[in-house]
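Report on the following structure.
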Amino acid sequence: MTNHSLEICAYSTESVRRAAAIGAQRVELCSGRLEGGTTPSLGILKQSLNVQGIDVYPILRARGGDFCYSQDEFEEMLIDLELFRSLGVPGFVTGILLPSGQFDMGRMDILKQKSGNMNFCVHRAIDMCSNSLQSFEELIELGVRRVLSSGRKNTALEGIDNLLQMQHLFGNRIEIMAGSGVNETNLQALWDVGIRHFHASAIDSEASTMIYRNQDIRMGKEGDVDEFSRYHSSVEKLEALKNALDQCTK
Numbered sequence: 021m022t023n024h025s026l027e028i029c030a031y032s033t034e035s036v037r038r039a040a041a042i043g044a045q046r047v048e049l050c051s052g053r054l055e056g057g058t059t060p061s062l063g064i065l066k067q068s069l070n071v072q073g074i075d076v077y078p079i080l081r082a083r084g085g086d087f088c089y090s091q092d093e094f095e096e097m098l099i100d101l102e103l104f105r106s107l108g109v110p111g112f113v114t115g116i117l118l119p120s121g122q123f124d125m126g127r128m129d130i131l132k133q134k135s136g137n138m139n140f141c142v143h144r145a146i147d148m149c150s151n152s153l154q155s156f157e158e159l160i161e162l163g164v165r166r167v168l169s170s171g172r173k174n175t176a177l178e179g180i181d182n183l184l185q186m187q188h189l190f191g192n193r194i195e196i197m198a199g200s201g202v203n204e205t206n207l208q209a210l211w212d213v214g215i216r217h218f219h220a221s222a223i224d225s226e227a228s229t230m231i232y233r234n235q236d237i238r239m240g241k242e243g244d245v246d247e248f249s250r251y252h253s254s255v256e257k258l259e260a261l262k263n264a265l266d267q268c269t270k
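Residue 21 is where the sequence shown starts when you use my numbering, and the numbers rise one by one after that.
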């Protein structure tokens, strides 16, 4: 396991380029920003893999919402996983739960077996499961490399006590990465409780290049979304994050 790392949640190839430029180790590549991240398209995945100097880990998530998937959705995930493997991605991020809230270890095992040599990582399904501490033991036994967690709270800072417990109990056997609301102002506090792996989006809006704008129609259904904005990881926020991590490692 590496000593420390910075992972950026990227929703565009431009964000991948920016993350690489500031020296982040990885991106978690997603589509579906408003759904909290879904499996990226083939196009964005192939473009992002062309960016030099950073590892690209796509999320394997059939849809937004919960992590309890139908058989059709699971079959779709298997098809996407085979695509990941054919493209040579170094790892991927996923998680499947049963209606009871426990991890669906049967399906998780199938994904592990189908993943070949890719690093198998788990996202915040760990925060939505019914017994995260027992689940850690199951995921470690399965061979999961890394788990992303907000400490079972809405943000990592709110869940810092639970992250401390996770790190104390399991941190020597699996990488525990703090995510959700991580930024340059709270990274030090997370570092101080033993967290060494950090996940952030650092997203900001940028004005669309469109000049003509038809104000009488909306393409999306979310009324509070500005359809003439683009959302990328901010260069300034990324640099501040990297500087904060560098300060912790001195």
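Where is the CB? At the ideal position from N, CA and C, for every residue including glycine. None of the values given here were measured: they were computed from a predicted structure.
Bridge partner(s) assigned by DSSP for residue i
i	result
Pro78	Leu49
Asn23	Looking at the DSSP assignment, Asn23 forms no beta bridge with any residue, so it has no partner.
Glu259	Beta-bridge pairing links Glu259 to no other residue.
Phe123	Leu117
Tyr223	This sequence places Ile at residue 223; Tyr is not what is there. Answer by DSSP bridge pairing, in chain order: Ser253.
Ile28	Val47 and Ala220
Buried or exposed by the 16-neighbour rule on C-beta atoms within 10 Å, applied to residue i
i	result
Ile231	exposed
Ala145	buried
Leu240	The amino acid occupying residue 240 in the given sequence is Gly; Leu does not appear at that position. With fewer than 16 other Cβ atoms within 10 Å, it is exposed.
Gln235	exposed
Ala82	buried
Gly171	buried
Leu153	exposed
Arg37	buried
Leu54	exposed
Gln208	exposed
Asp86	exposed
Rounded C-alpha distance that separates residue i from residue j
i	j	result
Cys268	Gln91	45 Å
Thr229	Val71	24 Å
Tyr77	Ile237	36 Å
Leu184	Ile215	8 Å
Gly84	Thr58	6 Å
Phe112	Ser120	25 Å
Ala222	His143	18 Å
Ile194	Gly163	9 Å
Ser135	Leu80	11 Å
Ile74	Tyr89	31 Å
The ligand FMN heavy atom lying under 8 Å from the CB of residue i
i	result
Leu184	With respect to the ligand FMN, the structure offers nothing, as it holds no ligand at all.
* To do: Check whether the stretch 38-56 touches the stretch 87-107, counting contact only when three or more Cβ pairs, one atom from each stretch, lie closer than 8 Å.
  => no
* Which runs of the alpha helix (DSSP H) spanning at least 4 residues fall entirely within the stretch 107-183, listed in chain order? -> 125-134, 145-148 and 152-162
* Please list the segments of the beta strand (DSSP E) lying wholly inside the stretch 181-209, counting only runs of 3 or more residues, in order along the chain. => 195-199
* Asked: Between the stretch 251-263 and the stretch 23-33, do three or more beta carbon pairs fall short of 8 Å?
  -> Verdict: yes, contact present.
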